[in-house]
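First up is the structure itself, then whatever we jot down about it.
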Amino acid sequence: MNLQKLLRLVWQSIRRSKRDFLFSSVGIIIGISTLLFFTSLGTGIKETVLERVFVVRQLEVIKKTYDVGAFQSEGLFGAKKLDDSLIEKLDKVEGVRSVYPKMKLTFPTGAFGGKQLIGKDVRGELVADGLPAELISDEEVDPSLEVVFKDYEAISCKQKSDCPKAYTCGDKGVCVGEPCQARRGEESAACEGAAYCHSERKQCMIPIPVVASPKMLEIYNGSIHTALSGSSGALSKLPKLSKNALVGFEANALFGRSFFLGESAGGQQDVRRIRLVGFSDKAIDLGATFPIGYVKRLNAIHSGREEAGREYHAVVVETESNEVTAAVAQKIEDMGYALSDKFENAQRASLLILLITVIFNLISAIILAVAAVNIMHTFLMLILERRRELGLLRALGATRAQIRMLVLSEATALGLIGGSLGITVGFVATKAVDAIFNSQVQDFPFKPDTLFGFAPWMFLMCLGAALFFCWIGALLPAIRASRIDPAAALTGR
Amino acid sequence: MNIRVEGLQKSYGKGELRASVLEDIAFGIDPGEFVAIMGTSGSGKTTLLNIMGGLDRDYRGHVSVGSNELAKLDEKQLARLRNAKFGFVFQQFHLLDHLTSLENVAIPRFFDADAAEEQKALGRARELLTTVGLGEKLDSYPSELSGGQKQRVAIARALFNRPEVIFCDEPTGSLDRSTGLQILELFQKLNRDEGITLIMVTHEEHIARLATRIIRLEDGVLVSDEPNTPKKPAATTLEVDGALPQSQTSEEE
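So the protein sequences, as listed, match chains H and F.
Note that my numbering has the first sequence beginning at 5, numbered continuously upward.
Note that my numbering has the second sequence beginning at 415, numbered continuously upward.
Set out below in structure tokens:
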């Protein structure tokens, strides 16, 4: 019997007992809809937690330390250094997609500013680190901005036209700022474009570009703003902030001196303007991230140690996928380095989400198993009712295998229709829950736009599960149907 | 194709509860014959018909149809034989209620590996229904047909794959007298004009008289196997010693 004939025969059979067919499909619809619902819920939560809160594909390599009483020690001979040679080695490890260094400012730094945002200047500590500029993408920093995330003090040149406005080509083949005269806070006509006149150096300088982490914005909008809105005073009027509103914001960094930590070991101090040019997940969680060249130079000048500009405090390793992360982590530890807590936290979060998803999927599987029993019961009843019909089909030339195929094909139709309806119901349920979540749940840090994550494999899995449980339910009835004695069935014995 | 039965035995049950249904049956049927198998209820005539038609495989002895010894065929081969060479007509018609007349007639196409395309198959079904006088009932469901019409549909279905043998089990048993007569006339026509071998089970003498040969069974034993040579010429209408024949069920057209 070819496929076309089989389909016609199946359709004729379904026509015969539409009500029983629909009744059998209810269990499948419920089971498949819950399967899709919980699988997509687990995926959605995992994506939010592991891509934004704990980024599981990022490993932060740090120096190995040992707990000695209440302190941490790098051991008698010191820990292995994190430098350019390590970056080269890590890049060659299988499963690693990219490696980039991070260097923190290793001396006291303060910041002041904010008048343009909140109406008055405020002072505080500045925690900052540095990243290679090429890591920040055009999506994170708009390339059309006047100041982008690059090291403006390390631009090679042969002539003035190779340099930005207010800069000229210096003796060492590097762009340097034009000379200028202005008092602090005043502008100079000599400094065109984005440059300002550094009053002590008497030189035009482009503000140091910085990027911030979206987490800071999330925490402000989700928690701090909510708390401030309930306070008295001017701060209660602060609006929620958006990325677009903050890009271009400028403040002053006081390198070499902070309000809480005092002066740096190097003794020198310098006030430099900094400008926020964008947001990036690679930026330090609470603070500002500079192009790493600035951090290297500032560390060498202000920390009092020349090597402070060559040692990294961490190296970030991005793996190709979540699945290889554990293996890469092991290799890094075998090389004598440690990983920061972030990875372990991500692993724990991942495991917890996985366990919860598995539990809910087990519930769905139970529902589907019950549906399969229901299908078996219904099909057995139908086989009994159709005994005469099946005996007739045998008399007209159907083989046992064809009878089995007919019953299983009816189950396949049930699985396809029930599975498709189940997917539709499940999908609609996720949209309904999202709508309720977005309208009823207040904002919180990292509040996702949707609780659910979908992928094509989920729909295939749901359809496959529907077919599987329908076949399981119809198998025994199919075998029974094929064993009907045609003579007995036709004579009513 | 000819049919040969030798040493056929069938029984049900085991040990003390064993009951013999057919005992040492032997006969042959040549192509084109119209054979009536007669006997009272429980004489084993339907069982014999089912065995010859390949519907019942639980027996001892030899039954061959053409060059095929039925016991030596596997299940697929037997199914193919039934589809290609046999037709069946039953007392209860056995039409599928959810299919139209046209669809009922064309059911055998599903199991015919060499079946024509769908449209050709339906064309054949249409032609057969017209032949049996139901050209205007193609889209009617069995619930919309009379008993005689249902049996005509069943006959058309039996003819779908151009069988060489048609097995009929009390084909007029559920019909009234005049309708039954029409059906029997149709069978006679098929046997005479198409040369189809007809094997008909009946318990009624007046129906058996329409056949060219009568095999009688009594308690599973073949008691006679004679050409039908009635005292009067072969009947074309039903007359039984002045008394009207009785149907098992009667049906108003």
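Even glycine gets a Cβ: it sits at the ideal position worked out from N, Cα and C.
Every value quoted in this text rests on a predicted model; they were computed, and no experiment measured them.
- Between the region 543-558 of chain F and the region 492-503 of chain F, the count of C-beta pairs closer than 8 Å stays below three; the two stretches do not touch.
- Within the DSSP secondary-structure output, valine 615 of chain F pairs in a beta bridge with F:Ile451 and F:Asp583.
- The continuous stretches of beta strand (DSSP E) do not include glutamate 196 of chain H, and DSSP gives it neither H nor E.
- With a contact defined as Cβ atoms closer than 8 Å, asparagine 605 of chain F and phenylalanine 448 of chain F qualify at about 5 Å.
- By the Cβ rule, the region 294-307 of chain H counts as touching the region 149-161 of chain H, because three or more pairs are nearer than 8 Å.
- Distance between leucine 612 of chain F and alanine 405 of chain H, taken at the CA atoms: about 30 Å.
- Going by DSSP, valine 14 of chain H is part of the alpha helix (DSSP H) stretching over 7-20.
- For leucine 386 of chain H, the three-state secondary structure derived from DSSP is helix.
- Taking a 10 Å sphere around the C-beta of valine 65 of chain H, we find 16 or more other C-beta atoms and assign the residue as buried.
- In this structure, isoleucine 451 of chain F lies away from isoleucine 417 of chain F, with their beta-carbon atoms at least 8 Å apart.
- In the structure shown, glutamine 505 of chain F falls within a coil segment according to DSSP collapsed to helix, strand and coil.
- In the three-state DSSP reduction, valine 152 of chain H falls in the coil class, being neither helix nor strand.
- Serine 425 of chain F: member of the beta strand (DSSP E) spanning 417-426, first to last residue.
- Lysine 459 of chain F places its beta carbon 8 Å or farther from that of glycine 467 of chain F.
- The C-beta of arginine 496 of chain F comes closer than 8 Å to at least one C-beta of chain H.
- Valine 103 of chain H has H:Val321 as its beta-bridge partners, per DSSP.
- Scanning the region 204-286 of chain H for uninterrupted beta strand (DSSP E) segments of 3 residues or longer gives 207-209, 212-216, 254-259 and 274-283, listed from N- to C-terminal end.
- With 16 or more other CB atoms across the displayed protein chains lying within 10 angstroms of its CB, glycine 117 of chain H is buried.
- According to the DSSP secondary-structure assignment, serine 478 of chain F is paired through a beta bridge with F:Arg418 and F:Glu483.
- In the DSSP assignment, glutamine 62 of chain H falls within the unbroken beta strand (DSSP E) covering 62-66.
- Check the Cα spacing between glycine 422 of chain H and each of H:Asp24, H:Asn225, H:Met5 and H:Arg20: the tightest is with H:Asp24.
- With its beta carbon less than 8 Å from one in chain F, proline 490 of chain H belongs to the interface.
- When the alpha-carbon of serine 368 of chain H is set against those of H:Lys162, H:Val281, H:Ile427 and H:Leu479, the nearest one is in H:Ile427.
- DSSP, reduced to helix, strand and coil, places tyrosine 298 of chain H within a helical segment of the structure shown.
- In the DSSP assignment, glutamate 437 of chain F falls outside any alpha helix (DSSP H) and lies within the beta strand (DSSP E) extending over 433-443.
- For methionine 5 of chain H, the nearest beta carbon of chain F is closer than 8 Å to its own beta carbon.
- Residue range 460-486 is occupied by the alpha helix (DSSP H) that includes proline 481 of chain H.
- Listed in chain order, the positions of the region 511-535 of chain F with a beta carbon within less than 9 Å of a beta carbon of chain H are Asp511, His512, Leu513, Glu517, Ile521, Pro522, Arg523, Phe524, Phe525, Asp526, Ala527, Ala529 and Glu532.
- Here lysine 534 of chain F carries a helix assignment [DSSP, helix/strand/coil].
- The shortest CA-to-CA distance from glutamine 446 of chain H to any of H:Ile288, H:Phe27 and H:Ser227 is the one to H:Ser227.
- For proline 490 of chain H, the enclosing alpha helix (DSSP H) has its first and last residue at 490-495.
- From the beta-carbon of threonine 460 of chain F, the residues of chain H found nearer than 7 Å are Thr495.
- Less than 8 Å separates the beta-carbon of glutamate 632 of chain F from that of serine 457 of chain F.
- Taking 8 Å as the threshold, the shortest C-beta distance from leucine 13 of chain H to chain F falls below it.
- If you draw a straight line from the Cα of arginine 576 of chain F to the Cα of threonine 544 of chain F, it comes to about 16 Å.
- Scanning its chain for C-beta atoms nearer than 8 Å, with the 5 sequence neighbours on each side dropped, one finds around threonine 514 of chain F the residues Leu552, Asp553, Ser554 and Tyr555, in chain order.
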